[in-house]
Amino acid sequence: MTALDSVQRALVIAPHLDDEVLGCGGTIARLVSMGCQVEILVVTRGMAPLFDEAQANQVRDEARQAHWLLGVTQTQFLDFPAAGLDGVSRAALNAAVAKSVMTSRPDMLLVPFVGDLHFDHKLVFDAAMVAARPLGRDYPRRILAYETVSETNWSAPYLGPAFQPNVFIDISSHLDQKLDAFACFRSQVRPFPNERSLETLRALAMVRGSCVSCAAAEAFTLIREVA
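First residue of the sequence shown? That's 1 in full-length UniProt numbering, and the numbers climb one at a time after it.
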């Protein structure tokens, strides 16, 4: 019996496409294998002039392949501007994320870590917490913050929140599935020693797994749990 056995619906909130696979692709695959419905909410989309439209369409196609491979039930796109969330009304962002959380009604919510280097991640974390406020009976009982390579670990932990994982999910049987899903992001995968490489993801999973005596794991910070 594990803490995942009671999860029937999970929602992963990703600031950008591929964050969801980098941070919790193995957990998504494991939840699906246990009969859980997993939905993904992608908050932003690459837009001109910062991003080429063709590239944005390519990444979305790659994401659909990755999500299909992981068994994701549904993917929602909010299409706020990537690397431009600081120019979006906080009320509008909060309302859009809250609507998706209300529609999905997840038992478990997986969100980016508040201390990530990219400010989009910080703003999405805040919006997710607003959406998940424990009002009434219908709210996510378990909230976990995932780590994203090149975002979570590149921040300055002595100046802001440090990622100190206290939840480890065994993905030993699903690591290859996670790596195959990330490999779908052909425009995003980089050769080692770049952090966004398959070798780095495997190594991180092995390190996180060794912390709890399993072959591979993903690490999270527990934000809230109501039993």
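Even glycine gets a Cβ: it sits at the ideal position worked out from N, Cα and C.
Just the Cα atoms here: how many angstroms apart are residue i and residue j?
i: A82; j: Q164; result: 27 Å
i: E218; j: A156; result: 21 Å
i: A132; j: D86; result: 21 Å
i: F182; j: S213; result: 25 Å
i: S173; j: F80; result: 35 Å
i: R208; j: A216; result: 6 Å
i: S6; j: Q37; result: 12 Å
i: D107; j: G35; result: 14 Å
i: C24; j: R137; result: 27 Å
i: D52; j: R196; result: 21 Å
i: G84; j: D120; result: 7 Å
i: R190; j: V167; result: 28 Å
i: Y139; j: K122; result: 21 Å
Pick helix, strand or coil for residue i, following the three-state DSSP scheme.
i: E225; result: strand
i: Q76; result: strand
i: E218; result: strand
i: F125; result: helix
i: L109; result: strand
i: R9; result: strand
i: L22; result: helix
i: L179; result: helix
Considering only heavy atoms of the ligand MN, does any lie closer than 6 Å to the CB of residue i?
i: R142; result: As for the ligand MN, it is missing from this structure, which has no ligand bound.
Cβ atoms of residue j and residue i: under 7 Å apart, would you say?
i: L109; j: L11; result: yes
i: I143; j: T27; result: no
i: L93; j: A127; result: yes
i: Q65; j: S100; result: no
i: A29; j: L4; result: no
i: V226; j: R141; result: yes
Starting from the C-beta of residue i, find all residues in its chain whose C-beta is less than 8 Å away, skip the five residues before and the five after it, and write them out in chain order.
i: S187; result: Q55, Q58, V59 and E62
i: G160; result: G115
i: L175; result: G26, R202, A205, A215 and A216
Please go through the same chain and pick out, in chain order, the residues whose beta-carbon is closer than 7 Å to the beta-carbon of residue i, but skip the five residues on each side of it.
i: E199; result: F192
Quick one: what's got a C-beta closer than 6 Å to residue i's C-beta in the same chain, skipping five residues either side?
i: W68; result: none
i: S89; result: none
i: Q74; result: E39
i: S33; result: none
i: T103; result: none
i: A98; result: A131
Beta-carbon of residue i versus every beta-carbon of chain D: anything under 7 Å?
i: S100; result: Checking the listed chains, one finds no chain D in this structure; it contains a single protein chain.
For the region 104-118 and the region 138-156, state whether three or more C-beta atom pairs, one from each stretch, are separated by less than 8 Å. Contact between the region 104-118 and the region 138-156 is present, because at least three Cβ pairs lie under 8 Å.
Assess contact between the region 4-19 and the region 41-52, defined as three or more Cβ pairs (one per stretch) separated by less than 8 Å. Is contact present? Touching, yes.
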